[in-house]
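Numbering (mature numbering (1 follows the signal peptide of the UniProt record, and there is no 0)) for the sequence shown: -19 to -1, 1 to 155.
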Amino acid sequence: MSTRILIILAIIYLNSGSSKQNSMNDELGTWHKFSHLYTRLYGNSFYYMPNDKMTWFEASQFCARQDSHLAILNSPDEFKAIEKLITRADFYHIGFHDLFSEGNFVTVNCQTIKQAGYDKWLKGEPSGTAAKKKEDCGTITENGLLNDEHCFNKRQFVCEHEFRPTAYNNTYFF
Ligand SMILES: [Ca+2]
Ligand SMILES: [Ca+2]
């Protein structure tokens, strides 16, 4: 192999390493800026419920800016865990919707809510599947029952940050 090819390969190798390192640092940097707001309540997930009320879309963006997503319930135990953050009877935005296909409720990670592991609806819900009554965004009651609501309703919400240890060579960063 000629020296020139070796140099090119070395540059490609170094660049790929440094950009990988940078994106890892960016991600950890964002999380570290906000991690003090979050509490580890279930598995490798940390949660935060801000006091502000926002639309479902604003809440989604708010969580994303903190390297999180609107909470996805993966089991009844996960609701029991986040119930600790709920202080009053109300509806709270969480991470599911049927914006893509009417009546097919999926999480913000695109799993059906059944696949995700939690589909306990409030009595009479989902109610917004008729064309004239559009309720496409997911909320949960203080008792852990799901409801579909207008996405522009302003509600409190729960952000979830899930650790992905495999992305960091099985090293946890707490
Ligand atoms: Ca979850
Ligand atoms: Ca509803």
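Glycine is no exception: its CB is placed at the ideal position from the N, C-alpha and C atoms.
If you're wondering where the values come from, they're calculated on a predicted model, not measured in any experiment.
Asked                                                                                                                                               : Found
Consult DSSP for D33 and reduce its assignment to one of helix, strand or coil.                                                                     : coil
Does the Cβ of D117 have 16 or more other Cβ atoms within 10 Å, making it buried, or fewer, making it exposed?                                      : buried
Taking Cβ to Cβ, would you say T110 is nearer than 8 Å to E83?                                                                                      : yes
Measure from the C-beta of Y99 to each C-beta in chain B and report whether the shortest distance is under 8 Å.                                     : The displayed structure is made up of one protein chain only, and chain B is not part of it.
Can you give me the Cβ contacts of F86 inside the same chain, cut-off strictly under 6 Å, excluding the 5 residues immediately before and after it? : F77, D79 and I94
Looking at ligand 2, does it come within less than 7 Å of N128, judged from the CB to the closest heavy atom?                                       : yes
The beta strand (DSSP E) with D48 in it runs from where to where?                                                                                   : Careful: D48 lies outside any beta strand (DSSP E) and carries neither H nor E.
Thinking C-beta only, is Y29 closer than 8 Å to E59?                                                                                                : no
Using a Cβ-based criterion (distance less than 7 Å to any ligand heavy atom), does E83 qualify as near ligand 2?                                    : no
According to DSSP, is Q2 helix, strand or coil?                                                                                                     : A caution first: Q2 carries a pLDDT of 49, below 50, which makes its placement in the model unreliable, though a value can still be read off. Looking at Q2 - three-state DSSP - the assignment turns out to be helix.
Once you ignore the five residues that flank W12 on each side, which residues in its own chain have a CB closer than 7 Å to its CB?                 : D48 and H142
Taking buried to mean at least 16 other C-beta atoms within 10 Å of its own C-beta, is C91 buried or exposed?                                       : exposed
Under 8 Å between the Cβ atoms of A97 and I75?                                                                                                      : no
Identify every residue that forms a DSSP beta bridge with Q137.                                                                                     : Y73
Quick one: using the 10 Å Cβ neighbour count with 16 as the cut-off for buried, is T120 buried or exposed?                                          : buried
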